[in-house]
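Reviewing the structure listed below.
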Amino acid sequence: MVDQKNVLVIGSGGREHALCWKLADSPFVKQIYCAPGSVGVSTTNKVESVDLDIKNYQALAEWCKEKSIDLVVVGPEDPLANGIVDGLATFGVKCFGPPKAGAQIEANKDWAKAFMIRHQIPTARYKSFTDAAAAKEHINNATYPALVVKASGLAAGKGVVVATSKEEACQAVDEILTDAKYGVAGETVVVEELLEGEEVSVLAFTDGETVSMMPPAQDHKRLGNGDTGPNTGGMGAYCPCPLITPDQLLDVKDQVLQRAVDGLKAEGIKYVGVLYAGLMITKAGPTTLEFNCRFGDPETQVLMTLMETDLYTVMKACVDGKLKHLQVAWNTKLSAVGVVIASKGYPETSTKGCVISGLAQVQSNPGVVVFHSGVSRGANGSLVTAGGRVLLVCARAGALRAAAAAATAAAAAIDFPGKQYRKDIAHKAFSNKDPIDQ
Ligand code: AMP
Ligand code: GLY
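Counting in the working numbering, the sequence shown runs from 646 upward without gaps.
Now the structure itself:
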């Protein structure tokens, strides 16, 4: 008889749904609680959504002990940046995720850039400012295109302006520093060199010493087909992404991910969890745009459908400092494509209460998995929209193009008034630019 454990997952989005879905597959996992979870998460075998105050570490730790929680998995960056891992550790509860000092790698871009320079991690040239006039002088006089302006702190993915002119970059400085558009998150701005190339996300599991890289994925940030329209939280992702070569991936492992983990350790930070490198594949090679201290959304939804090794075992190995003894296996015969379905008005607003139809039919296809992000239960028990990004439909197939076609067809078959989705997820991987549903 296998010794089964209980797990608590913190978060409520599609990423957390995918983590719960994969953890539920583990023979070592008995029960998964997800706080706050969602209607979709609760439809997964073994998963129960729970309402907990995740800022009260003592009460949370007591609840974990009562429920015999063996591992807490933290999905989003905010609780990590607030110190949930340190807080729960003082009460003897183990978390998969970095401590507050490690979460700085995402939560404090000024610190992260200086860290990258200290440890020779390839990244764009930059300068940080708290004074708007000095920032604007740099934008106007830098010897490189200093056109990317970032609020240093966490701004819910919104604090970055990739300007097309010096004027626009200066305007962004005024909005962030002078007008305090992002509050304290924008007390410091990072002004960075504009890089050109393809963006690729490479995530890795780590126990603070060993790095186990996941296959490369690509997110699609813009709302519209052909990468047009406003930036969003991500309209789809696919994996593996062929826009980074195997040699470049080895460089990323050594020069970005391992260097970062070694650098953190050298600075006294035991970084456990996922380290996410957002990369620009420039002519000079992969360059780090950002680190995230957690799994990506929507990359995780596609990654989890390709992961072969038991997720709980990998997370435990990270927490116990035993990752070097584990080979994490991925399905190399399949590709996965995830298409996000968003509600009317997204990303500016969202539409709640629209009845979602077609889900059962799509879910009856064994090659398709649906992950929920903004879904709730309507008055008559039907599923209704409850946020900007509503669902992600993920399809797997031997060929990336077939997976893209299947995911796009599945997204077309799910319906609610005003739904928005892209028909070209993974298009950069194809030389033929025709929409995928042709
Ligand atoms: P970040 O949160 O730092 O990854 O920035 C958000 C997005 O802005 C990235 O996914 C890129 O699309 C873009 N971006 C960030 N930094 C740069 C840069 N130095 N050059 C070009 N685009 C960038
Ligand atoms: N996919 C981008 C992110 O998770 O930050």
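Each residue gets a CB set at the ideal place from its N, CA and C atoms; glycine is no exception.
Values in this document were obtained by computation on a predicted structure and should not be read as measured data.
### Task
Kindly indicate which three-state DSSP category His-1072 falls into: helix, strand or coil?
helix
### Message
Going by the DSSP bridge assignment, what does Tyr-883 pair with across the sheet?
### Response
Gln-863 and Val-982
### Query
So Gly-720 and Leu-664 are in contact, right, with Cβ under 8 Å, and what is the actual spacing, rounded?
7 Å
### Message
From the DSSP secondary-structure annotation, give me the bridge partner or partners of Pro-681.
### Response
Gly-656
### Query
Starting from Ile-762 and walking both ways along the alpha helix (DSSP H), at which residues does that stretch end?
754–763
### Message
With DSSP as the reference, identify every bridge partner of Thr-932, one or two as the case may be.
### Response
Answer by DSSP bridge pairing, in chain order: Met-925.
### Proximal residues to Lys-898 (C-beta, below 7 Å), its chain only, five neighbours per side dropped
Val-856 and Met-858
### Message
Less than 9 Å between CB atoms is the rule here; does Pro-891 satisfy it with respect to chain B?
### Response
The structure shown contains no chain B; it is built from a single protein chain.
#### Entry: Sheet register partners of Glu-834 (DSSP bridge)
The amino acid occupying residue 834 in the given sequence is Val; Glu does not appear at that position. In DSSP, Val-834 forms a bridge with Phe-774 and Ala-796.
### Query
Which whole-angstrom value is the C-beta distance of Glu-837 and Val-793, which I expect to be below 8 Å?
4 Å
### Message
Which same chain residues end up closer than 6 Å to Ser-995 when comparing Cβ atoms and leaving out the 5 residues on each side of it in sequence?
### Response
Ser-988, Gly-1032 and Gly-1033
### Query
Fully enclosed by the region 798–829, which alpha helix (DSSP H) runs are 4 residues long or longer?
Counting only runs of 4 or more, we get 811–818.
### Task
Please report the Cβ distance between Asp-864 and Gly-879, rounded to the nearest whole angstrom; I am assuming they are in contact, meaning their Cβ atoms lie under 8 Å.
5 Å
### Message
At a threshold of 8 Å, does Glu-944 count as lining the ligand GLY (C-beta to nearest heavy atom)?
### Response
yes
#### Entry: Nearest-angstrom Cβ-Cβ length linking Arg-1067 and Asn-785, presumed shorter than 8 Å
So it is not a contact: roughly 37 Å between Cβ atoms.
### Query
Looking at the structure shown, is Glu-693 part of a helix, part of a strand, or coil, going by DSSP?
strand
### Query
Would you call the CB atoms of Leu-822 and Thr-775 closer than 9 Å?
yes
#### Entry: Residues passing the C-beta test against the ligand AMP heavy atoms, cut-off 5 Å
Ala-769, Val-793, Val-805, Val-807, Glu-837, Leu-839, Leu-840, Gly-923, Leu-934 and Glu-935
### Task
Identify, in the order they occur along the chain, each residue of the same chain with its Cβ nearer than 7 Å to the Cβ of Asp-819, setting aside the five sequence neighbours on each side.
Ala-777
### Query
Between Val-985 and the rest of its own chain, which residues show a CB-CB distance below 7 Å, the 5 nearest in sequence each way excluded?
Gly-879, Met-880, Gly-881, Pro-943, Arg-1034, Leu-1037 and Tyr-1066
### Message
Runs of 3 residues minimum, wholly inside the region 978–1043: which ones carry the beta strand (DSSP E) assignment?
### Response
980–987, 1013–1017, 1020–1022, 1028–1030 and 1034–1042
### Query
What is the DSSP secondary structure of Val-959, counted as helix, strand or coil?
helix
### Query
The alpha helix (DSSP H) with Pro-672 in it runs from where to where?
Pro-672 -> no alpha helix (DSSP H), and no H or E assigned at all.
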